[in-house]
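Chains as they are written, first to last, in the numbering used here: chain A, 1434 to 1806; chain B, -14 to 140; chain C, 21 to 371.
What follows is the structure, given as structure tokens:
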């Protein structure tokens, strides 16, 4: 891409170590005063060779590796992989496993969006929402910890089932949390989302048009913020989402042009409320059962390839698995939603100011673990 | 459109340049001659019945005798998916870029180049994306041997 | 300063000292007293900020250091900073780098000379008191630019430039808002301004005149920008510029910047209290209830209210972008303050 720089440009590195690049990301900014002529992202600082590692381990042993890709939403990472292998092998899980998986995935979505909202407020300069979001997230992590022993990286979704069943009283504590939490979202909106300064900082910035978004393969809240009503859970339902009643929040351009940072951020906040609805319905659909029922003794999928996608909090997560009939995956390629969103970053942030670059990056809600794998 | 219809449509349009089609597999796919990939991509995007405007995944796979580039395409309008595969020789995997059709291919192709050494003709910025710029070797190939040291640091 | 001069008479053989020493000694002692008072006040303010921010964020703040609610936390932090290694970046401009923190502090410190803490508790009653404060308060800009430039770091440079633009822009509405108070008083002397507000809360300039009430709001907003507090903390915007103009500073030099920021906060709060909230005068007029609480204590309490407001705003509001900041100063606050000055002047002539 050839860019025409007019005037003196200074190269400023928002380097790999920076308070607000959400991980180790290097942004090479070519600045002309406060205006950014070009913003080139450099990734690869967190590349841990996930795709090479999993070619050497068994299918069940891949699950902890998938956790570590997007560490903020590990349940969803595992879920995508496990569903792909189950589809390849033709395994059907029972209703209890299905409902618990939905509950965990949606709780993880809430936790991940709380991180996104809190750190976004931090980037914009409002320090309090960060603490409020993390305070509520602590209860979610406690619920995870009592179920599988880990707060952040779970290894909970196994091929054909789950690692542990829910502890007694989990449903009660969960519903108590959801009852407490829904009004907290309104408080957060009063503090941050409807704040005049926040709107001025974000509602006219980082406009991503729907055509650009689709061309760049942007999915998830980033795409829905541009007005495109598309969610894998409605489009190609998995885990029985077609039987659950929920809405897909879409950006409406209330305070500025459609597709601004504010729209993307607001889609996430509204999704949190929808997740609460989904969790209530999943708890109602929960039936007793054995979560280890369908776990196969040896995972040996037939030869072939499969592409399975799920809706993780950051977008559409795709797993492309090539199996040669042995115990280990032949090739496992991950389509990470943050990777595609970062490819659009350069175009969206051209011609904005340095403060806007930070705002746009925060609204994309990237996690470098997923981009670099 | 069902995968069978899509396979029939593109075979009808491109004839012998579609080498093989498996619309009944779990993941329906067609093998395309590498030289025709740009034309096929443009057709798949522009045609109203197909309108594959979303490139979901572009990746390389190293089979022992060849390297394959996989394109998973999806249509937002019609909600159907199809996969294309291009088989390239291992010694010189070269294929034309589809960056002009789907902008996201830019980064995906850089990653395929970085991991497999597939050279994309006409790419605007073909350099490594995940490994450092002066890394030697293509890590995801099956015969890859990690170097003993990189810039005097033991690997 | 007179009381200090009278106290010094008690030194044995004071009259035998040369004249120049007798002239300079009260000045030096006043400086030391003001510095000590300021240092203790800043220590308290930092602790208060941590507690206020903690409770706004639904947590507790310092609880252990020193026993009751961690009151000695700031002392511990200051001690830690003192013991740190003194690093000067290799390619920094050494002289400017070392001088910068002191000049920034000087801007705040020197202005306390004219602030009246009580009926006779002030260092000096300059007849150009307000003008002196505005002039000396601008010295800190020079220090900030020096810090930004001398660190030899692009982030610091950005921070320094932004700070200079911001402070200079906001001085104008701030000074014009001050002028609305000068007009009813007719004198620039701070002591005269406080004396004009004697007689109870209804005589405070804040409540005497609706235009001056609005001028107080303008002054408060402009003073937030002068002190680089959120929502105007662009120069030290953590998430964008790491730490802005004091990125490269560590240890005692960083402590000095910190001290300077809080001293500045106290200064603008003191000026706001003196001009708008009646300084050291009582709420209930002295004719009804005699002055039981000494003037300086009342003054400090009023300053605390303003500082609490500043902290509250810092922890609730996001940060403005540079151009929005400039827009606010030049296109919103400046016209409003001009209109207010004209209105107060009109009121003074025709009422």
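Even for Gly, the Cβ is constructed at its ideal location relative to N, Cα and C.
- For residue 99 (chain B), the number of other beta carbons within 10 angstroms of its own is at least 16, and it is reported as buried.
- With a cutoff of 7 angstroms on beta-carbon distance, residue 352 (chain C) and residue 182 (chain C) are scored as not near each other.
- Pairing residue 1539 (chain A) with residue 1708 (chain A) gives a Cβ-Cβ distance under 7 angstroms.
- Restricting attention to A:1769, A:1498, A:1566, A:1609, the CA atom closest to the CA of residue 1591 (chain A) is found in A:1498.
- The C-beta separation of residue 1693 (chain A) from residue 1653 (chain A) comes to about 16 angstroms, leaving the pair out of contact by the 8 angstroms criterion.
- Comparing C-alpha distances from residue 232 (chain C) to each of C:265, C:32, C:296 shows the shortest one belongs to C:296.
- Nearest Cα to residue 138 (chain B) within the set B:120, B:127, B:126: B:120.
- Per the coordinates, the alpha-carbon of residue 279 (chain C) lies some 52 angstroms from the alpha-carbon of residue 1662 (chain A).
- With the criterion set as a beta carbon lying under 9 angstroms from some beta carbon of chain A, the members of the stretch 317 to 344 of chain C are 334, 335, 336, 337, 338, 339, 340, 341, 342, 343, 344, in sequence order.
- With fewer than three CB-CB distances shorter than 8 angstroms, the stretch 103 to 120 of chain B does not count as touching the stretch 63 to 71 of chain B.
- Within the stretch 116 to 158 of chain C, the complete alpha helix (DSSP H) runs of at least 4 residues fall at 149 to 157.
- In this structure, the straight-line span from the alpha carbon of residue 95 (chain B) to that of residue 82 (chain B) is close to 10 angstroms.
- Sequence-distant partners of residue 89 (chain B) (beyond 5 residues in either direction) whose C-beta falls short of 7 angstroms from its own C-beta, in its chain, are 40.
- If you check each beta-carbon in the stretch 66 to 97 of chain C against every beta-carbon of chain A, the ones closer than 8 angstroms belong to 73, 76, 77, 78, 79.
- About 5 angstroms separates the beta carbon of residue 290 (chain C) from that of residue 135 (chain C), a gap short enough to meet the 8 angstroms contact definition.
- Looking at the DSSP output, residue 1753 (chain A) shares a beta bridge with A:1740, A:1766.
- Rounded to whole angstroms, the separation of the alpha carbons of residue 1480 (chain A) and residue 1450 (chain A) is 16 angstroms.
- The Cβ of residue 1486 (chain A) sits no closer than 7 angstroms to any Cβ of chain B.
- Distance from the CA atom of residue 1669 (chain A) to the CA atom of residue 61 (chain B), rounded to whole angstroms, is 12 angstroms.
- Within the same chain, and ignoring the five residues on either side of residue 104 (chain C) in sequence, the residues whose Cβ sits closer than 8 angstroms to its Cβ are 270, 271, 272.
- Only those residues of the stretch 50 to 82 of chain B whose C-beta falls short of 8 angstroms from the nearest C-beta of chain A are listed: 55, 57, 61, 64, 66, 68.
- Under the DSSP assignment, residue 1451 (chain A) falls outside any beta strand (DSSP E); it carries neither an H nor an E label.
- If you ignore the 5 residues before and after residue 199 (chain C), its C-beta comes within less than 7 angstroms of the C-beta of 361, all in its own chain and listed in chain order.
- Restricting attention to C:283, C:331, C:298, the CA atom closest to the CA of residue 59 (chain C) is found in C:283.
- With its beta carbon less than 7 angstroms from one in chain A, residue 250 (chain C) belongs to the interface.
- Classified as buried, residue 1455 (chain A) has 16 or more neighbouring CB atoms from the shown chains inside 10 Å of its CB.
- Taken through DSSP and simplified to helix, strand or coil, residue 1679 (chain A) comes out as coil.
- Sixteen is the threshold: when 16 or more other Cβ atoms of the shown chains lie within 10 Å of the Cβ of residue 1671 (chain A), as they do, the residue is buried.
- Nearest Cα to residue 250 (chain C) within the set C:285, C:221, C:157, C:160: C:285.
- The beta carbon of residue 1679 (chain A) lies closer than 7 angstroms to those of 1707, 1710, 1711 in the same chain, with the five residues before and after it left out.
- Rounded to the nearest whole angstrom, the C-alpha separation of residue 226 (chain C) and residue 238 (chain C) is 12 angstroms.
- Pairing residue 1688 (chain A) with residue 1714 (chain A), the inter-Cα distance amounts to about 33 angstroms.
- Shortest Cα-Cα distance from residue 1534 (chain A) to any of A:1520, A:1515, A:1523 involves A:1515.
- Contact of residue 100 (chain C) with chain A is not assigned, every C-beta pair being separated by 7 angstroms or more.
- Closest option to residue 1684 (chain A), judged by alpha-carbon separation, among A:1802, A:1717, A:1636: A:1636.
- Non-local C-beta neighbours of residue 1697 (chain A) in its own chain, meaning closer than 7 angstroms and more than five positions away in sequence, comprise 1654, 1655, 1658, 1684, 1796, ordered along the chain.
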